[in-house]
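Numbering-wise (full-length UniProt numbering), the sequence shown opens with residue 1 and increments by one. C-beta atoms are modelled at their ideal positions from N, C-alpha and C, and glycine is treated no differently. Working notes for the structure below.
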Amino acid sequence: MSAPAAKTRTICQRIRDKLSHRRSKPEQRSEPPKDNSTSPRRGGVLALVTILGSGSNKRASSSASPSHLGQGLDVREQATTASEKPVLELQTEHGPRGPANDPEKNPSVVRATSHEGSDTPISTISSSSDLWSSAYREAVNSLGKDIHVTILKGNSVADLFKQLEKLDKDAGQESAFQRGVRYLKSLQVPLERFKLFLDLAHPLTSIEPTTATVFGMVRGVTAIAITFSAADSNFAAQIGKMLEQLSYIDDCDTLGQKTGKKDIHSALVSVYRKLLEFYSAALDILSSRRGVTMMINIVLENGRLPAIVEDFLRHAEQLRKLLEKATLEIVEDIRAMLYDQKIVGWLGNGGKSKGSSQHHASLRNLRSDDACQFLLENSKFTQWYHGTGPRQLAILGAMGSGKTVAMSFLIDELRRRNQHQLPQPKVCFHYCRDDGTGEAVHVLSSLILSLLQQLPGLKKGFVEWYQQATSSGIDPATDFKTLEEWLANTLQTLDRPLIFTIDGLDECDKQSRNRLLQSLRNLTRETPRLKILLSSRPDPAIMKQLRGVSTICVPSDDATRDRLIVKKTVETRLTDLPEQVKALTIEELSRLAQGSAIWTKMTVELIEIRKISALGPLRAFLKELPQPERLSELYANLFSRYTGDDPENQKLAIAALEILAVARRPLSILELGWAASLGTATDAVTRVGALAELADPLRILNLIRPFVVPVYDRDMTKRQVKLVHQSVKEFIVQQWAAPEHAQPQQRIERLEARLLNICIRYLLLPEMGNEDLFSDVLLAIGELPHGSDLFTDDDQPNEYDHYCSWEAWEEDMIHYDPVARGFGEFFVYASCYWTEHLGAVSTETLLPSLDDIELVCQAGSKRLQNWILQNCRPDCAIKPRFPFDPSLYDPLSIVSLYGSEALLQRMLDRADVGNTDRYLPDAAMAAADQILQFGDLSRLELLWRSKLGPQIRNRTFAKLAVKQWSMRPFDKQRSRWDVVFGLIDGMFDLMVKEGWDGELLRAATQTGCTPMVQLLSDKVQQISEASH
């Protein structure tokens, strides 16, 4: 045997010993089995089931083989002549001998069809599923009529050997078998090293009575071969090889049946066929009853047995090679399993890496691929994929916008595209979440593990490297730098495209993120065929580190994409809903999604939990639209993580989020920073400069980053900060706005009051009352019509086009900067929107101080002038959007127009309007005039009934009413004009007494104020009728 073959044989033996460890012990030869039917083997291994029957009319006894496989077959057959050579049709025995085995009553009886075509029942056999027996059965059937039927039903081999010994030896002579053993040993055939299926010392006790079993036949062949080996040295050498090859038969169970190798089964059938041929030819010689010398001469003369042995050796060699191949495969499998076990133990991070694969599978089930197609159509993706652009691509989007689902889509799409490429690119991915999987060493470990799983050839080298590093006192699994070095060195050896994808970069802590991004930059620089795909929220710090990286933004205002996501989620989670209910759900949630895929998912889950299935309850649910509890938990966890549970951070973050929850427009980073800082200031802020020192806008933005839309523009003054979704506002209102028992509207009112207080405090800063917002030059320019050219004679006014947005209309206008004038960053918002917050607060305990209102709106003050001039210029264009003359206003007129009725009533009841210079001299009439022009006409009743009422119950008010009704054609349909004319109706006696009724009628007639004309005419008619 060659050295490689010997080495492989040793490996085979070791593997066989390991896998046969739990086999049962051999049965004692002196006690044949009680039954040849299937019985459990000791140690939990099933006993082999008998296959073929003997030719005798009694149950064959079977002695156990060393390999536990020598159980026999119960064979019953009718007498046939030795010359008959039937074709055996083997069938399964279903029970012990009896009526069931009668060929007339049970078709399971084996029949042998003779050459004459008659059916003769030969035997009943027990079913067997082991590899040896099934191959043996196939070998017997394949020989058919070419095999002597005496092999299956003739004289016992043991009997033939006993007769042979009687003919061949006297009392002191050796048997032919013993001479064969001695001759083989003289030729240095190492019989003691072979796994023989025969006891050399007592061969006759080992030989089966028949060849009914596989190993009965093998033992017979072994005995015959050893006996005939003394023919000559060449034949003996062949026999030695044959005996050695027989041992491979025992390996077939472990390496064939356990591994499901069909080629081993086929080779074993061929080996059995040659053994049967050998047995048949040898049996012919033994049956001649001649002396041993004569029989050996026959072996040499006819050459049949040497030829059969030669063929056997060829087939046995093929079987050996197949077994060696199977052995090596098992060895490799075991080695791979050991490698996998070690690698997963080192890099698996307690099963979190497996969780990443499971997470990917779950994302695949819920995503809408159509909603992700926009990524493939983006030119930046195309350039990245084909290598014509940057090799790093980042998918950016707000919290809950569907970045992670989009990443899972890209991973699967990349894998699909890579299937038909050569060499095939490998995609390694990792999902960073809030469970520690965002740590740098964990991310790198996950990518390496993914790479090793896809390129198993790297495992051995990795294991050896890891063990060497460990022996040096380094634990690579916890050492980012060590893992990075291995990865960098390995990637340089790979000549194939690679793609690393990392989702949720913003879930990493700052240190981990910095290390990862730096490492990825280094890897892409050193590995030309490596591409990187990332996803993240667009935090400024991350955007700064992604400079030079190509980016794609997930849209937050794509109604078509929202509908696709909603439709997929509803159809996946609400499959049992009636079609009408499904359609309404899809329609309403698509409208409300606003780019938030996570809100869509959790709202659908809430519908599923509540088991809503009818239109009525669904409409009620959609009208109330409660916040999903899981979504609130997510927001709470994010808030805790981003604020670090630090009270000072939490206070700032809460203030900023509350401001955004009720802000009337997106804020700039600076506006939000200044407002939140003023709202949380513990000491009084007395100057704009002091607030500038106190404000830390970027800190505040970073604290609330998950809750606001992505800030892509680094312009600190751009109005771009707003809540990412309506559900965030609901979370803010529920969490912090008021006690739990308060109604939602009450909670929102509290937020309105807080922002109103911030605006008022800001407008009360000294700079607002001491500085002029406009220089004289700017004021003069502001008086010019829009589009006027100072250097031409074109004086035609250019009025605002209502079909154009104000932003577009004012784009080419001259703009001014209040900050440059010393008014600070929050002045524009406070001036433009404090009046809106003023009208949103009506609860007595939340109303602002009257003193503060009077200071902000003091008649003729520079403070009032500054904020009014700004109020009509929201975007700081020099030309006002609407007329707003500061000289016409005071605290009463401002509150009458913009304040709540509760605040107006308080001012009318408590303010000392007539005795302070904070108000206009004729404050009540000025307020009435403003209400008639712009306000809620019903508020005139409050003025009318107040202590200031006498100041407006006169001719001036009546004529103002007529004038404003006539001059404001678009307001004639304004509600509550009936209130105005009702109040004038109540003054008829006074106007008659004072004599100005006719004057009022003429004025109404001239201006076309028909309601007033009708009112006065009716009054005259009533008086006339009363006088008659």
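Sequence-distant Cβ neighbours of residue 819 in its own chain, meaning closer than 7 Å and more than five residues away, are 825. Distances from the alpha-carbon of residue 728 to those of 357, 544, 626 and 741 put 626 closest.
Going by beta carbons, residue 732 and residue 661 fall inside the 8 Å limit. One alpha carbon belongs to residue 715, the other to residue 540, and they sit about 11 Å apart.
Contact annotation: residue 390 and residue 550 have beta-carbon atoms nearer than 8 Å.
In this structure residue 682 is exposed. Its beta-carbon is surrounded by fewer than 16 other beta-carbon atoms within 10 angstroms. Remark: three or more beta-carbon pairs, one from each stretch, lie closer than 8 Å, so the region 443-452 and the region 486-498 are flagged as touching. In the three-state reduction of the DSSP assignment, residue 265 falls in the helix class. With contacts defined by Cβ atoms closer than 8 Å, residue 927 and residue 893 form a contacting pair. In terms of Cα proximity to residue 470, the closest of 708, 422, 317 and 342 is 342. Taking 3 residues as the shortest admissible run, the UniProt domain "NACHT" (391-539) contains the following complete beta strand (DSSP E) segments, listed from N- to C-terminal end: 392-396, 426-431, 498-503 and 530-536. The C-beta separation of residue 1015 from residue 984 comes to about 7 Å, placing the pair in contact by the 8 Å criterion. Counting the other CB atoms within 10 Å of its CB gives residue 686 a total below 16, which places it among the exposed residues.
For residue 956, the enclosing alpha helix (DSSP H) begins and ends at 955-967.
Bounds of the alpha helix (DSSP H) holding residue 759 are 744-763. Spatial neighbours of residue 694 in its own chain (CB-CB distance under 7 Å, excluding positions within 5 residues in sequence) are listed in chain order as 677, 681 and 685.
Rounded to whole angstroms, the Cβ separation of residue 498 and residue 530 is 5 Å, and the two are in contact under 8 Å. Proximity to residue 887 across 920, 242 and 725 peaks at 920, based on C-alpha coordinates. Check the Cα spacing between residue 617 and each of 585, 561 and 401: the tightest is with 585.
Here residue 550 is bridged, per DSSP, to 393.
Relative to residue 573, the option among 297, 688, 612 and 811 whose CA is nearest is 612. The shortest CA-to-CA distance from residue 268 to any of 495, 180 and 316 is the one to 316. Per DSSP, the beta-bridge partners of residue 815 are 877. In this chain, the alpha helix (DSSP H) harbouring residue 898 covers 891-898. The residue among 741, 567 and 906 with its C-alpha nearest the C-alpha of residue 604 is 567.
8 Å or more divides the Cβ of residue 495 from the Cβ of residue 432.
Straight-line measurement puts the Cα of residue 768 at about 14 Å from the Cα of residue 854.
Distance check between residue 723 and each of 435, 750 and 667 places 667 closest, using alpha-carbon atoms only.
With fewer than three CB-CB distances shorter than 8 Å, the region 987-1003 does not count as touching the region 933-949. DSSP links residue 723 through a beta bridge to 708. At the C-beta level, residue 670 and residue 717 come within 8 Å of one another.
Here residue 344 has no same chain residue with a Cβ atom under 6 Å from its own Cβ, once five neighbours each way along the sequence are excluded. Scanning the region 658-685 for uninterrupted alpha helix (DSSP H) segments of 4 residues or longer gives 669-680, listed from N- to C-terminal end. The three-state secondary structure of residue 734, taken from DSSP, is helix. Linking residue 225 to residue 335 through their CA atoms gives a straight-line distance of about 40 Å. By the beta-carbon neighbour count (other beta carbons within 10 angstroms, threshold 16), residue 814 is exposed.
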